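A.B. asks: Following this message is one structure expressed as structure tokens.
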Amino acid sequence: MSENRKPLLGFVGKLPSGTALGNSGKTHCPLCMGLFKAPRLLPCLHTVCTTCLEQLEPYSVVDIRGGDSDTSSEGSIFQELKPPSLQPQIGILCPVCDTQVDLPMGGVKALTIDHLAMNDVMLESLRGEGQGLVCDLCSDREVEKRCQTCRANLCHFCCQAHRRQKKTTYHTVVDLKDLKGYSRIGKPILCPVHPAEELRLFCELCDRPVCRDCVVGEHREHPYDFASNVIHKHGDSMRELLRGTQPHVEALEEALAQITEMNSALQKRVEAVAADVRTFSEGYVKAIEEHRDRLLKQLEDIRVQKENSLQLQKAQLEQLLADMRTGVEFTEHLLTSGSDLEILITKGVVVERLTKLNKVEYSAHPGVNDKIRFSPQQRAGRCRGYEVYGTINTKEVDPAKCVLQGEDLHRAREKQTASFTLLCKDAAGESMGRGGDSVHVAVVPKDKKDSPVRTLVQDNKDGTYYVSYTPKEPGVYTVLVCVKEQHVQVLFSALGLNTEGLTIHCDREEKASLTHRRVSLLHVLLQRRPENRSLCLWRHHARWVPGLWPRTQRSPRPPALVMLREVC
Numbered sequence: 244m245s246e247n248r249k250p251l252l253g254f255v256g257k258l259p260s261g262t263a264l265g266n267s268g269k270t271h272c273p274l275c276m277g278l279f280k281a282p283r284l285l286p287c288l289h290t291v292c293t294t295c296l297e298q299l300e301p302y303s304v305v306d307i308r309g310g311d312s313d314t315s316s317e318g319s320i321f322q323e324l325k326p327p328s329l330q331p332q333i334g335i336l337c338p339v340c341d342t343q344v345d346l347p348m349g350g351v352k353a354l355t356i357d358h359l360a361m362n363d364v365m366l367e368s369l370r371g372e373g374q375g376l377v378c379d380l381c382s383d384r385e386v387e388k389r390c391q392t393c394r395a396n397l398c399h400f401c402c403q404a405h406r407r408q409k410k411t412t413y414h415t416v417v418d419l420k421d422l423k424g425y426s427r428i429g430k431p432i433l434c435p436v437h438p439a440e441e442l443r444l445f446c447e448l449c450d451r452p453v454c455r456d457c458v459v460g461e462h463r464e465h466p467y468d469f470a471s472n473v474i475h476k477h478g479d480s481m482r483e484l485l486r487g488t489q490p491h492v493e494a495l496e497e498a499l500a501q502i503t504e505m506n507s508a509l510q511k512r513v514e515a516v517a518a519d520v521r522t523f524s525e526g527y528v529k530a531i532e533e534h535r536d537r538l539l540k541q542l543e544d545i546r547v548q549k550e551n552s553l554q555l556q557k558a559q560l561e562q563l564l565a566d567m568r569t570g571v572e573f574t575e576h577l578l579t580s581g582s583d584l585e586i587l588i589t590k591g592v593v594v595e596r597l598t599k600l601n602k603v604e605y606s607a608h609p610g611v612n613d614k615i616r617f618s619p620q621q622r623a624g625r626c627r628g629y630e631v632y633g634t635i636n637t638k639e640v641d642p643a644k645c646v647l648q649g650e651d652l653h654r655a656r657e658k659q660t661a662s663f664t665l666l667c668k669d670a671a672g673e674s675m676g677r678g679g680d681s682v683h684v685a686v687v688p689k690d691k692k693d694s695p696v697r698t699l700v701q702d703n704k705d706g707t708y709y710v711s712y713t714p715k716e717p718g719v720y721t722v723l724v725c726v727k728e729q730h731v732q733v734l735f736s737a738l739g740l741n742t743e744g745l746t747i748h749c750d751r752e753e754k755a756s757l758t759h760r761r762v763s764l765l766h767v768l769l770q771r772r773p774e775n776r777s778l779c780l781w782r783h784h785a786r787w788v789p790g791l792w793p794r795t796q797r798s799p800r801p802p803a804l805v806m807l808r809e810v811c
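When we follow the numbering used here, the leftmost residue of the sequence shown carries the number 244, and every step to the right adds one.
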């Protein structure tokens with residue numbers, strides 16, 4: 244018989260998880276819940292009634308060699324071709340622990356009888372005044388007496404017959420109530436092969452108890468001895484195994500205790516974290532609701548402000564329109580219906596009024612716009628200690644007011660990352676203070692306009708945009724910056740020109756020192772330029788070199804000289 248743990252696929256006869264065996268597990272069957280009747284011991288050391296085991300459906304069909312076979316094709320021709328050694332063996336599941344049990348060839352009745360359980364059942368029955376026990380001889384009547392010599396339970400009729408027989412006349416017979424204090428009153432264990440003989444011997448070769456008839460027959464050549472003589476050796480070996488098993492029990496109990504403790508700690512921790520989550524969520528919800536109310540109030544204030552401005556502008560324009568209509572209607576009536584003298588008399592008043600009306604300045608467009616935008620991903624600070632998002636913006640970026648900043652605006656180096664910053668402003672010249680605008684930047688070689696340089700634009704979310712690019716070869720590059728599909732007017736401070744395209748010179752690494760000297764010289768000239776000198780660029784060996792030129796009419800300007808606008 245083998246013992247393997249497999250998932251439950253067939254009969255579901257497992258003991259319910261809520262059933263506690265306790266002391267009743269020694270006397271009661273886990274399936275029928277009654278006192279054991281012919282209990283059988285399974286390889287997993289669980290005991291079940293014989294009839295209960297016979298009612299279990301087979302778990303699987305396994306051959307003797309241990310290989311699984313298909314049970315669904317009962318009429319398969321392969322079953323007919325199997326040799327006898329490969330005939331299938333039926334297995335069942337232990338109803339307590341789900342362990343697979345391969346039944347012996349004799350079936351359930353070939354399993355070991357649990358005599359210890361039978362003794363416990365008898366003791367349990369004696370405590371209940373013998374209820375449930377039947378006579379061992381006739382098997383029809385309830386037990387009243389017990390023969391201590393034969394160790395047999397007897398009814399009243401069989402007890403009388405027991406006393407009348409010669410062989411049993413002098414046997415000690417006692418009442419069941421006198422046996423309640425006994426710890427063991429088991430019956431003699433008879434040989435399954437020779438039912439008339441009691442098992443008193445032990446075959447060392449076969450490793451099982453035998454009777455006197457067995458040792459003179461099947462076990463004639465086998466070494467054997469009385470069970471009382473070999474019990475010490477075999478008992479000691481079992482105790483040795485028990486000593487090796489007990490530490491595992493203690494370790495497992497400790498592990499289970501730790502698991503229980505950890506489970507309790509886990510539950511407490513989960514409850515604590517759940518409370519933190521609820522507290523955080525409730526606070527966050529309140530913060531979001533408060534932020535929502537702020538945004539709605541801000542939106543309402545913007546509406547009232549813009550509406551009041553529009554109403555004021557409307558009232559002013561309506562009054563101006565009424566004045567204009569009065570002037571026009573009166574003048575037209577005067578010119579069409581008045582006499583010459585009447586026109587001349589009122590001319591002064593009319594001219595003065597019309598002149599004054601014509602000088603009144605007004606805007607033909609609304610003084611405010613409807614440009615209100617909600618930016619849900621923009622940070623809005625903290626509310627109740629929580630970071631909240633979402634702002635209402637009324638500013639509109641003005642590409643004409645946007646500026647570029649950075650040291651790499653005019654010159655870059657080959658295969659080195661260059662960068663500059665775009666600062667977006669509104670029509671009033673104030674920083675937008677937020678991101679999200681449509682910004683496009685293109686860096687194009689002057690001689691290869693169809694091969695733009697890869698450019699990265701990073702939104703800093705504060706109204707500035709970080710632009711970076713890496714020129715692959717030296718040359719002149721044009722940088723185009725568009726905000727809301729409009730070119731940003733780049734201020735080229737050195738030349739004093741406004742242009743939509745920014746020209747950047749890319750030098751090789753070995754020319755960096757010369758470039759640095761030219762930039763440094765230009766900086767010095769700008770800072771230390773005398774009052775009677777003008778800043779200029781000299782054309783020298785195909786390069787423009789910064790310099791100063793006297794501000795006198797007697798100093799003619801050479802053709803290769805370009806004057807720069809004063810920037811200081």
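Glycine included, every Cβ here is placed at the ideal spot set by N, Cα and C. These figures come from a predicted structure and were not determined experimentally.
In the DSSP output, which residue or residues are listed as bridge partners for Q729?
C.D. replies: Translated into positions along the sequence shown, residue 729 becomes position 486. Q729 pairs with V726.
A.B. asks: Ignore the nearest five residues each way along the sequence and tell me which others in A685's own chain have a CB closer than 6 Å to its CB.
C.D. replies: If you number the sequence shown from 1, residue 685 lands on position 442. These residues qualify, in order along the chain: P695, L723.
A.B. asks: Which whole runs of the beta strand (DSSP E) in the stretch 539–581 are 3 residues long or more, in chain order?
C.D. replies: Listed in chain order, there is nothing to give.
A.B. asks: Could you tell me whether the Cβ atoms of H271 and L278 are closer together than 8 Å?
C.D. replies: The residue labelled residue 271 in the question sits at position 28 within the sequence shown. The residue labelled residue 278 in the question sits at position 35 within the sequence shown. For H271 and L278, yes; Cβs fall inside 8 Å.
A.B. asks: Cα separation between V710 and F523?
C.D. replies: Numbered from its first residue, the sequence shown carries residue 710 at position 467. Numbered from its first residue, the sequence shown carries residue 523 at position 280. One C-alpha to the other measures close to 39 Å.
A.B. asks: How many whole angstroms separate the CB atoms of R854 and C398, which I take to be in contact at a CB cut-off of 8 Å?
C.D. replies: The question about residue 854 has no answer here: the residues shown for the chain are numbered 244 through 811.
A.B. asks: To the nearest angstrom, report how far apart D421 and K388 are at their CA atoms.
C.D. replies: Here residue 421 corresponds to residue number 178 of the sequence shown, with the count starting at 1. Here residue 388 corresponds to residue number 145 of the sequence shown, with the count starting at 1. So the alpha carbons of these two residues sit roughly 10 Å apart.
A.B. asks: Do Q729 and P642 count as a contact pair if the criterion is CB distance below 8 Å?
C.D. replies: If you number the sequence shown from 1, residue 642 lands on position 399. If you number the sequence shown from 1, residue 729 lands on position 486. Yes. Within cutoff.
A.B. asks: On the DSSP bridge assignment, give the partners of V292 in chain order.
C.D. replies: Within the sequence shown, numbered from 1, the residue matching residue 292 stands at position 49. In the sequence on display, residue 292 carries Cys and not Val. Note: C292 sits in a beta bridge opposite P282.
A.B. asks: Quick one: what does DSSP say Y709 is sitting in, helix, strand or coil?
C.D. replies: Residue mapping note: residue 709 aligns to position 466 of the sequence shown, counting from 1. Reduced to three states, the DSSP call for Y709 is strand.
A.B. asks: Starting from the C-beta of A395, find all residues in its chain whose C-beta is less than 6 Å away, skip the five residues before and the five after it, and write them out in chain order.
C.D. replies: As a working mapping, residue 395 is identified with position 152 in the sequence shown. Counting only Cβ-Cβ distances below 6 Å, and skipping sequence neighbours, we find D379.
A.B. asks: Give the DSSP-derived three-state secondary structure of P619 in the structure shown.
C.D. replies: Residue mapping note: residue 619 aligns to position 376 of the sequence shown, counting from 1. Residue state, collapsed to three classes: strand.
A.B. asks: Apart from the five residues just before and just after T634, which ones in its own chain have a Cβ nearer than 6 Å to its Cβ?
C.D. replies: If you number the sequence shown from 1, residue 634 lands on position 391. Once the five neighbours on either side are set aside, the close Cβ partners of T634 are S618, Q621, A623.
A.B. asks: Can you say whether Q343 is buried or exposed, counting buried as having 16 or more other CB atoms within 10 angstroms of its CB?
C.D. replies: Taking the first residue of the sequence shown as position 1, residue 343 is located at position 100. So Q343 ends up on the buried side.
A.B. asks: With respect to the alpha helix (DSSP H) encompassing Q403, which residues constitute its N-terminal and C-terminal limits?
C.D. replies: Against the sequence shown, residue 403 aligns to sequence position 160. Taken as a continuous stretch (DSSP letters only), the alpha helix (DSSP H) holding Q403 covers 399–407.
A.B. asks: Closer than 8 Å by C-beta to T664: which residues in its own chain qualify, once you throw out the five before and the five after it? Chain order, please.
C.D. replies: For this step, residue 664 is matched to residue 421 along the sequence shown. Cβ within range, chain order: L647, Q648, G649, T707, Y708, Y709, V710.
A.B. asks: Kindly identify the DSSP beta-bridge partner or partners of F663.
C.D. replies: Taking the first residue of the sequence shown as position 1, residue 663 is located at position 420. Answer is V710, bridged to F663.
A.B. asks: Please determine if the stretch 490–510 and the stretch 597–616 are in contact, where contact requires at least 3 C-beta pairs separated by less than 8 Å.
C.D. replies: Touching, no, given that fewer than three Cβ pairs across the two stretches are closer than 8 Å.
A.B. asks: Per DSSP, what kind of secondary structure is Y527 in: helix, strand or coil?
C.D. replies: If you number the sequence shown from 1, residue 527 lands on position 284. Of the three classes helix, strand and coil, the one that applies to Y527 here is helix, per DSSP.
A.B. asks: How is the alpha helix (DSSP H) around E585 delimited, first residue to last?
C.D. replies: As a working mapping, residue 585 is identified with position 342 in the sequence shown. Its alpha helix (DSSP H) spans residues 583–602.
A.B. asks: Specify, as a first and last residue, the run of the alpha helix (DSSP H) that R455 falls within.
C.D. replies: As a first step, residue 455 must be located in the sequence shown, where it is residue number 212. R455 -> alpha helix (DSSP H) spans 455–458.
A.B. asks: Since V646 is in the beta strand (DSSP E), which residue starts that stretch and which ends it?
C.D. replies: Translated into positions along the sequence shown, residue 646 becomes position 403. Note, V646: beta strand (DSSP E), 646–648.
A.B. asks: Using the rule of at least 16 other Cβ atoms within 10 Å of the residue's Cβ for burial, across every protein chain shown, is D418 buried or exposed?
C.D. replies: By one-based count along the sequence shown, residue 418 stands at place 175. So D418 ends up on the exposed side.
A.B. asks: Looking at L555: is its Cβ nearer than 8 Å to the Cβ of V611?
C.D. replies: Reading the sequence shown from its first residue, position 312 is the one you call residue 555. Reading the sequence shown from its first residue, position 368 is the one you call residue 611. Contact: no.
A.B. asks: Could you tell me whether the Cβ atoms of Y605 and L563 are closer together than 8 Å?
C.D. replies: Numbered from 1 along the sequence shown, position 362 holds the residue referred to as residue 605. Numbered from 1 along the sequence shown, position 320 holds the residue referred to as residue 563. Result yes, Cβ atoms of Y605 and L563 sit closer than 8 Å.
A.B. asks: Express the C-alpha separation of H608 and K692 in angstroms, rounding to a whole number.
C.D. replies: Position 449 of the sequence shown holds residue 692. Position 365 of the sequence shown holds residue 608. Roughly 42 Å between the two C-alpha positions.
A.B. asks: Count the C-beta pairs between the stretch 479–491 and the stretch 455–464 that are closer than 8 Å, then say yes if the count reaches three, no if not.
C.D. replies: They do not touch, by the three-pair rule.
A.B. asks: Return the Cβ separation of R414 and C390 in integer angstroms, given the expectation that the two are a contact with Cβ distance under 8 Å.
C.D. replies: Residue numbering aside, residue 414 sits at position 171 when the sequence shown is read from its first letter. Residue numbering aside, residue 390 sits at position 147 when the sequence shown is read from its first letter. Looking at the sequence shown, residue 414 is not Arg but His. That pair is a contact at about 5 Å.
A.B. asks: How is the beta strand (DSSP E) around R628 delimited, first residue to last?
C.D. replies: The residue you call residue 628 lines up with position 385 of the sequence shown. Before going on, a small fix: residue 628 reads as Gly here, not Arg. Taken as a continuous stretch (DSSP letters only), G628 belongs to no beta strand (DSSP E), as it is neither H nor E.
A.B. asks: Between A517, D468, P688, which lies nearest to A655 when the distance is taken from Cα to Cα?
C.D. replies: To locate residue 655, count along the sequence shown from 1; it is residue 412. Considering only alpha carbons, the answer is P688.
A.B. asks: Buried or exposed: which applies to L376, given that a residue is buried once 16 or more other Cβ atoms fall within 10 Å of its Cβ?
C.D. replies: Here the question's residue 376 lines up with position 133 in the sequence shown. It is buried - the Cβ of L376 has at least 16 other Cβ atoms within 10 Å.
A.B. asks: Taking Cβ positions, are D705 and G676 nearer each other than 8 Å?
C.D. replies: Counted from its first residue, the sequence shown places residue 705 at position 462. Counted from its first residue, the sequence shown places residue 676 at position 433. Against a cut-off of 8 Å, the Cβ pair of G676 and D705 comes out as a contact.
A.B. asks: Please classify P273: is it buried, with 16 or more other beta-carbons within 10 angstroms of its beta-carbon, or exposed?
C.D. replies: Translated into positions along the sequence shown, residue 273 becomes position 30. Buried.
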